[in-house]
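Enquirer:
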Amino acid sequence: MRFLSSAPGKVILIGEYAVLCGKPAIAFAVNRRAQSEVNFIDGDDCFLETKMNRSNINLFKTGENSGIRLIDIVTKKSKYYKSQAWKGKIDSSELYYHDNKLGLGSSSATFLSWSSIFLKDISLEEQISIYKIFQNNLGSGIDLAVSKFGGTLVYRNSQESGVDCDPINLPSGIDFSIVYTGIPISTKSYIMSFNKWRINNKKKYNEIILSLGDIIENCYLSIKEDSPKDFLKAISFYNSKLDILGSEIGINIISKEHKDILNTAKKYNLDYKVSGSGGGDIGIVFSDDTEALSKFNIEIERKYKIIDVEIDSNGLNYEEFYE
919 MRFLSSAPGK
929 VILIGEYAVL
939 CGKPAIAFAV
949 NRRAQSEVNF
959 IDGDDCFLET
969 KMNRSNINLF
979 KTGENSGIRL
989 IDIVTKKSKY
999 YKSQAWKGKI
1009 DSSELYYHDN
1019 KLGLGSSSAT
1029 FLSWSSIFLK
1039 DISLEEQISI
1049 YKIFQNNLGS
1059 GIDLAVSKFG
1069 GTLVYRNSQE
1079 SGVDCDPINL
1089 PSGIDFSIVY
1099 TGIPISTKSY
1109 IMSFNKWRIN
1119 NKKKYNEIIL
1129 SLGDIIENCY
1139 LSIKEDSPKD
1149 FLKAISFYNS
1159 KLDILGSEIG
1169 INIISKEHKD
1179 ILNTAKKYNL
1189 DYKVSGSGGG
1199 DIGIVFSDDT
1209 EALSKFNIEI
1219 ERKYKIIDVE
1229 IDSNGLNYEE
1239 FYE
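Heads up: the sequence shown runs through residues 919 to 1241, numbered per my numbering.
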């Protein structure tokens, strides 16, 4: 049998850091995918071909590690782990730029596409639980939810109510550009800094998270009421609050590259925010003025890269072939 699976990358629209504390966040899937293919074969040898920032081929015995931690976490939980040889391919190169990840959720998309083959029919909650092993118990699971269902989602994962996500659409007339700063960042290190800070600064933490949560709710309301102006206002306000949060923690969420892009966006009366943990990777410019956005794109590409993506309404795609 041959199995094919693919999952889209993601972009966080709003809700960074707050989503780790049970607040909602909004994100959308993008039309760049991680693709997995597996053939179950006879024999004792497994083969894994990977194409990420570079290509590689791993050969190992059935029941042994492939050498790629993300893959091994999944396959070890499969009932076929020690008894079934396989030949697999993973291609997440669309989510890289040269040697660097773009910040579009390459790991989560790869995990989702691979686990859909080896751990078929498990729930989103189970996938999040397994993925957290790879993340050292960090993260909210929003990246997996968006990749699984596609489109634009409002997502929450709280201790009280568990995982909840609902599909939404951006306000009418809103367009966007994704800008890659050229600086790769370790999301894990930023989240670890945030977690350490919130333990030791509970009063300030509660104050800032409450403020971030209010902005997210206002953003969500602007979407439900189809109010582009209020949506754009919330985007800019959240970015400003992220800058304050970074100063409190002692990390550069709004780095000099992001500030440079922000200043260029302001020149064209556009609204910009960091997407993800910040420091580098990507930011997103929103506008209800396509002409102004086009002019911004021309200027910003002199220094940075515009990532050509669209919202992908399709989430996880899974196929089986009997050959």
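Even glycine gets a Cβ: it sits at the ideal position worked out from N, Cα and C. In this text the structure is predicted, and so the values were computed from the model without any measurement.
Of all the options 995, 953, 943, 932, which has the alpha carbon lying nearest to the alpha carbon of residue 1234?
Expert: When only C-alpha atoms are compared, the closest one is 953.
Enquirer: So, for residue 1115: in the same chain, excluding its five sequence neighbours on each side, which residues have a beta-carbon less than 8 Å away from its beta-carbon?
Expert: Closer than 8 Å at the Cβ level, and outside the excluded window around residue 1115, lie 1123, 1166, 1167, 1168.
Enquirer: Drop a sphere of 10 angstroms on the beta-carbon of residue 1075, count the other beta-carbons inside from all chains shown, and report buried for 16 or more, exposed for fewer.
Expert: Label assigned to residue 1075: buried.
Enquirer: Once the 5 residues before and after residue 1012 are set aside, which same chain residues still bring their CB inside 8 Å of it?
Expert: Hits under 8 Å: 927, 950, 951, 952.
Enquirer: Taking the beta strand (DSSP E) that residue 1098 falls in, what are its first and last residues?
Expert: Note, residue 1098: beta strand (DSSP E), 1093-1098.
Enquirer: Report back the beta-carbon spacing between residue 1056 and residue 1064 to the nearest angstrom; my notes put them in contact at under 8 Å.
Expert: Not really, about 17 Å apart at Cβ, beyond 8 Å.
Enquirer: In this structure, how does DSSP classify residue 1164 when only helix, strand and coil are distinguished?
Expert: It is helical.
Enquirer: Would you mind working out which of 1213, 1231, 1118, 1138 sits nearest residue 1183, comparing C-alpha positions?
Expert: Of the candidates 1213, 1231, 1118, 1138, the one whose C-alpha sits nearest the C-alpha of residue 1183 is 1213.
Enquirer: Determine the closest residue to residue 1144 out of 1113, 1127, 1087, 984, with distance taken between C-alpha atoms.
Expert: Nearest of 1113, 1127, 1087, 984 to residue 1144, Cα basis: 1087.
Enquirer: Just the Cα atoms here: how many angstroms apart are residue 947 and residue 929?
Expert: Computed Cα separation, rounded: 6 Å.
Enquirer: Excluding the 5 residues preceding and the 5 following residue 968 in the sequence, name in chain order all residues of the same chain whose CB lies nearer than 6 Å to its CB.
Expert: Answer for residue 968: 974, 1008, listed in chain order.
Enquirer: What residue from 1131, 1033, 1112, 1181 has the CA that sits closest to residue 1006's CA?
Expert: It is 1033 whose Cα lies nearest to the Cα of residue 1006.
Enquirer: Identify every residue that forms a DSSP beta bridge with residue 1028.
Expert: Beta-bridge pairing links residue 1028 to no other residue.
Enquirer: Taking residue 1230 as the reference, give the member of 938, 923, 945, 939 with the closest Cα.
Expert: Measuring from the Cα of residue 1230, the nearest candidate turns out to be 945.
Enquirer: Candidates 984, 1236, 1199, 1224: which alpha carbon is nearest residue 1022's?
Expert: Nearest option by C-alpha distance: 1199.
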